[in-house]
Amino acid sequence: MCFIPVPGGTPANLNPETNFGAWIDRLVFGTHHLWRESVTWDPEGLLGTLPAIGTGLFGIRVGSWLKRADRESSVKVTWLFIYGTIAVVTALAWDQFFPINKALWTSTFVLYTGGLATIAMAFCYWMIDVQGHKKYVWILVVFGMNAITGYILSGILQGIINFIPITGTTACEWFYHHAISPYFAPYNASLVRAVIYVFLTWLPMYWLYKKKIYIKV
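Numbering-wise, the working numbering comes out as the position in the sequence shown, counting from 1, plus 4.
So this is what it looks like as structure tokens:
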């Protein structure tokens, strides 16, 4: 995407509508099967799906390593920290040529986020499972016991909130521009909104947890 010119005479670029991935999506799917009819690109296109699969495999690899019974906990933690650090350093070096970009889900983004997640996982595993510090872990267990349900609810939460009638805009946008952005922009507004959404998703998960209702697939 950064070095191969896009067919048709367009230089290599990372712009949404003119990059190599957008050209492949138009070639394979046509413009009527992309994100929206009014645009000629897709944020979850074919080329971006490949590194997204890599993100999934990253997690599977970490989970498989943690489940191994033939390795001591200290060995597991050590290698998780090493793998995570190598991934982050590689991503930062590669970022000089291929930017860390969530919208494109670039390979550097996969390594960077996967590395950070692996380091965080190693730290939590060592503190909680090995050292036994579990006093406040139940707050996270609430999500873990109904992970699929929480994931689905997080996806429809915005639609539920937007049922609140507000003229000229959506409830989510109104709340963001009137209750969050004036106080936390320009650096922390998105973070605050994300924390609020996580908390709103956590509340019904807590009710399920208290009722010992666990929805599994």
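Ideal Cβ positions, reconstructed from N, Cα and C, are used throughout, including at glycine. Please read these numbers as outputs of a predicted model, since none were measured by experiment.
Find the nearest neighbour of P47 within the set I90, N192 and N19, judged by alpha-carbon distance.
Taking the sequence shown and counting its residues from 1, the one referred to as residue 47 is at position 43. Looking at the Cα atoms, N19 is the closest of the given residues.
Can you look up V93 in the DSSP assignment and give me helix, strand or coil?
Residue numbering aside, residue 93 sits at position 89 when the sequence shown is read from its first letter. In this structure, V93 counts as helix in the three-state DSSP scheme.
Between the stretch 21-31 and the stretch 80-92, do three or more beta carbon pairs fall short of 8 Å?
No, because fewer than three Cβ pairs between the stretch 21-31 and the stretch 80-92 fall closer than 8 Å, the two stretches do not touch.
Going by DSSP, which residues form a beta bridge with T14?
The residue labelled residue 14 in the question sits at position 10 within the sequence shown. Per DSSP, V10.
From the DSSP output, in three-state form, read off F167 for me.
The count along the sequence shown starts at 1 and reaches residue 167 at position 163. Residue state, collapsed to three classes: coil.
Does the distance from the CB of G163 to the CB of G119 come in under 8 Å?
Taking the first residue of the sequence shown as 1, we reach residue 163 at position 159. Taking the first residue of the sequence shown as 1, we reach residue 119 at position 115. Going by C-beta atoms, G163 is not nearer than 8 Å to G119.
Since I believe M125 is in contact with V3 (beta carbons under 8 Å), could you give me their beta-carbon distance rounded to a whole number of angstroms?
This structure gives no information on residue 3, because the portion of the chain shown stretches from 5 to 221.
Hey, how far is the Cα of M131 from the Cα of K139?
Residue numbering aside, residue 131 sits at position 127 when the sequence shown is read from its first letter. Residue numbering aside, residue 139 sits at position 135 when the sequence shown is read from its first letter. Cα-Cα distance, rounded: 11 Å.
For P169 and C176, I'd like the C-alpha separation in whole angstroms.
In the sequence shown, residue 169 corresponds to position 165, counting from 1. In the sequence shown, residue 176 corresponds to position 172, counting from 1. Cα to Cα, P169 sits roughly 11 Å from C176.
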